[in-house]
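Trainee: Count along the sequence shown from 1, add 1093, and you get the number used in my numbering.
Glycine included, each C-beta is placed from N, C-alpha and C at the ideal position.
Just so you know, these numbers come straight off a predicted model, no measurement behind them.
Structure below; questions to follow.
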Amino acid sequence: MAGDIAYEKGSLFLRTIEEEVGRAKFDPFVRAWFDRHAFRSMNTAQFVAFLRENLLNSQPGLEEKLRIHEWIYEPGVPSNEAKVHSTAFAQVESQIQSLTQGTPAAQLQTTGWTTNQWVHLLRNLPEPLSVARMADLDAAFHFTRSGNYEILNIWLLRAVRSGYEPAWPAVEQFLVSQGRRKFLRPLYTELAKTPAGADRALGIYKKARPGYHPLSQQMVDEILGWSPLS
């Protein structure tokens, strides 16, 4: 778990725990973790055991309330995530409102936006987006050609959900060239939800699999229900 803290989900997970238990309990927990385990390799099971012993077990029902299993072992971000209050995000949300009211994407006020703001936009647009709206966004912001993997991953996920065909070559290129599980899992999972998507995913995976790390191979094998021996 510790190796994943730099990723967004890990950061949100710890922030969610902090908001629930308070700094008075959370800060000593974090200090104790690093005091006892600095410069040692730890695994997820050891982290969970430490979390229970030093934080969760002190309050009955806390583990269930925080949805620890969902955070650690299941894909996606649970809905009980700590909410980040940000002026920058408020600007994004005002543009989302304009978009949903019919403003063309090219007229949105996005000058100077950071990666996090673009990610926030794509994550919080209404579901599902029509093909016409996807095309409007793509024409304005060139998401399908984005060189930023954080932005591109979320855009391609939306493209799969919306059936936005112009993005399919980019979906294949992304999955063939990118081996990080945080990017692979959501895309393959979304593709596997329909028979047509699963067929396309398997075709891409057979090309991409030799370049994946063994752990990524195992993960996608399970998502697609496929064996290299079949």
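1) Have a look at E1258 and E1157 and give me their C-alpha separation to the nearest angstrom.
2) Report the three-state DSSP secondary structure of T1196 (helix, strand or coil).
3) Taking 6 Å as the limit between beta carbons, can you name the residues of its chain near H1213, skipping five residues before and five after?
4) When you compare the CB positions of R1278 and P1171, do they come within less than 7 Å of one another, or not?
5) By how many angstroms is the C-alpha of V1123 removed from the C-alpha of A1263?
6) Contact between the segment 1121-1136 and the segment 1192-1210: three or more CB pairs below 8 Å?
7) Whose C-alpha, out of S1320, T1287, S1151, L1308, is nearest the C-alpha of K1299?
8) With a threshold of 16 other CB atoms inside 10 Å of the CB of Y1305, please say whether the residue is buried or exposed.
9) Run through DSSP, which three-state label would V1206 get?
10) What number of angstroms, rounded off, separates the C-alpha of A1138 from the C-alpha of T1203?
11) CB A1243 to CB T1208, shorter than 7 Å?
12) One question on the structure: do V1253 and L1284 come within less than 7 Å of each other, judged by their Cβ atoms?
13) For N1217, count neighbouring C-beta atoms within 10 Å of its own C-beta (all shown protein chains included) and say buried if the count is 16 or more, exposed if not.
14) Is the beta carbon of L1322 less than 7 Å from the beta carbon of I1297?
15) Our contact map puts L1280 next to L1249 with C-beta atoms below 8 Å; I'd like the distance itself, whole angstroms only.
16) Report yes if the CB atom of L1159 is closer than 7 Å to the CB atom of E1112, and no otherwise.
17) Does DSSP put K1286 in a helix, in a strand, or in coil?
18) Please go through the segment 1237-1283 and give each complete alpha helix (DSSP H) segment of 4 or more residues, from N-terminal end onward.
19) Just the Cα atoms here: how many angstroms apart are G1103 and R1273?
20) Please classify T1287 as buried or exposed, where buried requires at least 16 other C-beta atoms within 10 Å of its C-beta.
21) Compare the C-alpha of M1227 against each of L1105, P1197, N1150, W1206 and name the closest.
22) Give me the Cα-Cα distance between L1245 and W1206, rounded to the nearest whole angstrom.
Mentor: The relevant details are as follows:
1) Mapped onto the sequence shown, residue 1258 falls at position 165. Mapped onto the sequence shown, residue 1157 falls at position 64. Approximately 41 Å between the Cα atoms of the pair.
2) Within the sequence shown, numbered from 1, the residue matching residue 1196 stands at position 103. In the structure shown, T1196 sits in coil (DSSP, three-state: anything other than H, G, I, E or B).
3) To locate residue 1213, count along the sequence shown from 1; it is residue 120. Taken in chain order, the residues that qualify are F1182, V1185.
4) Counting from 1 along the sequence shown, the entry for residue 1278 is found at position 185. Counting from 1 along the sequence shown, the entry for residue 1171 is found at position 78. Not in contact: R1278 and P1171 (Cβ atoms no closer than 7 Å).
5) Translated into positions along the sequence shown, residue 1263 becomes position 170. Translated into positions along the sequence shown, residue 1123 becomes position 30. Their backbone Cα atoms lie some 41 Å apart in a straight line.
6) no
7) As a first step, residue 1299 must be located in the sequence shown, where it is residue number 206. It is S1320.
8) Translated into positions along the sequence shown, residue 1305 becomes position 212. Flag for Y1305 reads buried.
9) For the purposes of this step, residue 1206 is identified with residue 113 of the sequence shown, where counting begins at 1. Strictly speaking, residue 1206 in this sequence is Trp, with Val absent from that position. Three-state result, W1206: coil.
10) Indexing the sequence shown from 1 puts residue 1138 at position 45. Indexing the sequence shown from 1 puts residue 1203 at position 110. So the alpha carbons of these two residues sit roughly 43 Å apart.
11) Within the sequence shown, residue 1243 is the residue found at index 150, counting from 1. Within the sequence shown, residue 1208 is the residue found at index 115, counting from 1. Per the sequence presented here, residue 1243 reads as Glu, with Ala not at that position. Closer than 7 Å, so yes.
12) Residue numbering aside, residue 1253 sits at position 160 when the sequence shown is read from its first letter. Residue numbering aside, residue 1284 sits at position 191 when the sequence shown is read from its first letter. Cβ distance < 7 Å, so V1253 and L1284 count as in contact.
13) Along the sequence shown, read from residue 1 onward, the residue named residue 1217 stands at position 124. Classification for N1217: exposed.
14) By 1-based counting over the sequence shown, the position of residue 1322 is 229. By 1-based counting over the sequence shown, the position of residue 1297 is 204. Contact: no.
15) As a first step, residue 1280 must be located in the sequence shown, where it is residue number 187. As a first step, residue 1249 must be located in the sequence shown, where it is residue number 156. Correct: roughly 6 Å between the Cβ atoms.
16) Here the question's residue 1159 lines up with position 66 in the sequence shown. Here the question's residue 1112 lines up with position 19 in the sequence shown. Contact flag unset, no.
17) Within the sequence shown, numbered from 1, the residue matching residue 1286 stands at position 193. Residue state, collapsed to three classes: coil.
18) 1242-1255, 1261-1270
19) What you label residue 1103 is simply residue 10 of the sequence shown in a count that begins at 1. What you label residue 1273 is simply residue 180 of the sequence shown in a count that begins at 1. Taking the straight line from one Cα to the other gives about 15 Å.
20) Position 194 of the sequence shown, counted from the first residue, corresponds to residue 1287. With fewer than 16 other Cβ atoms within 10 Å, it is exposed.
21) Here residue 1227 is taken as the residue at index 134 of the sequence shown, counted from 1. The candidate whose alpha carbon is nearest that of M1227 is P1197.
22) Numbered from 1 along the sequence shown, position 152 holds the residue referred to as residue 1245. Numbered from 1 along the sequence shown, position 113 holds the residue referred to as residue 1206. The alpha-carbon atoms of L1245 and W1206 are separated by roughly 15 Å.
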